Amino acid sequence: MTLRITLDETKCQPGQLLNASVLWAFDSPPSKLTLELSWHTTGKGAEDSETVFTQNWTPDSNTGEKSFSIQLPRGPISVRGNLISIDWQLECTSQRPKETCTMPFVLSHMKKRVQLTPIA
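Here is the structure:
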């Protein structure tokens, strides 16, 4: 069984198109595939997350590839800090057979994760 996501680039700017492909190879056609674009926080305090794009489809073949172009939102941008981090990901899930693939990427005006410096 194989489920894989490929991205044209993994360092993206807010508002740009994210071009992605999902490739699958199973013993039989999957019952449903779901692609989700989301962000989540980690660190101190309550964790937060939001899914900003969802696409479902039912493949008619046990192997295949589907391409997507998704307009990225303006934020929140990717940050890494001592107290909080914000990370973006594209995730594809197969219901049957049960399989998940996650592809992280950076969303930032500078095309790199913003590093928060500790307060002295």
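Using the numbering used here, the first residue of the sequence shown is number 239, and each one after it goes up by one.
Even glycine gets a Cβ: it sits at the ideal position worked out from N, Cα and C.
Since the model is a prediction, treat every value here as computed from it, not as a measurement.
By Cβ distance, which residues of its chain are closer than 6 Å to S305, with the 5 residues on each side in sequence left out? Residue numbering aside, residue 305 sits at position 67 when the sequence shown is read from its first letter. Contacts found: S259.
Which of helix, strand or coil DSSP assigns to T248: For the purposes of this step, residue 248 is identified with residue 10 of the sequence shown, where counting begins at 1. T248 falls in the coil class under three-state DSSP.
Among K270, Q254, W295 and T244, nearest to M348 - alpha-carbon criterion: Mapped onto the sequence shown, residue 348 falls at position 110. Nearest in C-alpha terms to M348, of all of K270, Q254, W295 and T244, is Q254.
S332 versus S266 - alpha carbon distance: The count along the sequence shown starts at 1 and reaches residue 332 at position 94. The count along the sequence shown starts at 1 and reaches residue 266 at position 28. Approximately 12 Å, taken between the alpha carbons.
Cβ-based burial, L321 [other Cβ within 10 Å; buried from 16]: In the sequence shown, residue 321 corresponds to position 83, counting from 1. The residue is exposed, with fewer than 16 neighbouring Cβ atoms inside 10 Å.
Output the distance between the C-alpha atoms of C330 and T355, rounded to the nearest integer angstrom. Reading the sequence shown from its first residue, position 92 is the one you call residue 330. Reading the sequence shown from its first residue, position 117 is the one you call residue 355. The alpha-carbon atoms of C330 and T355 are separated by roughly 33 Å.
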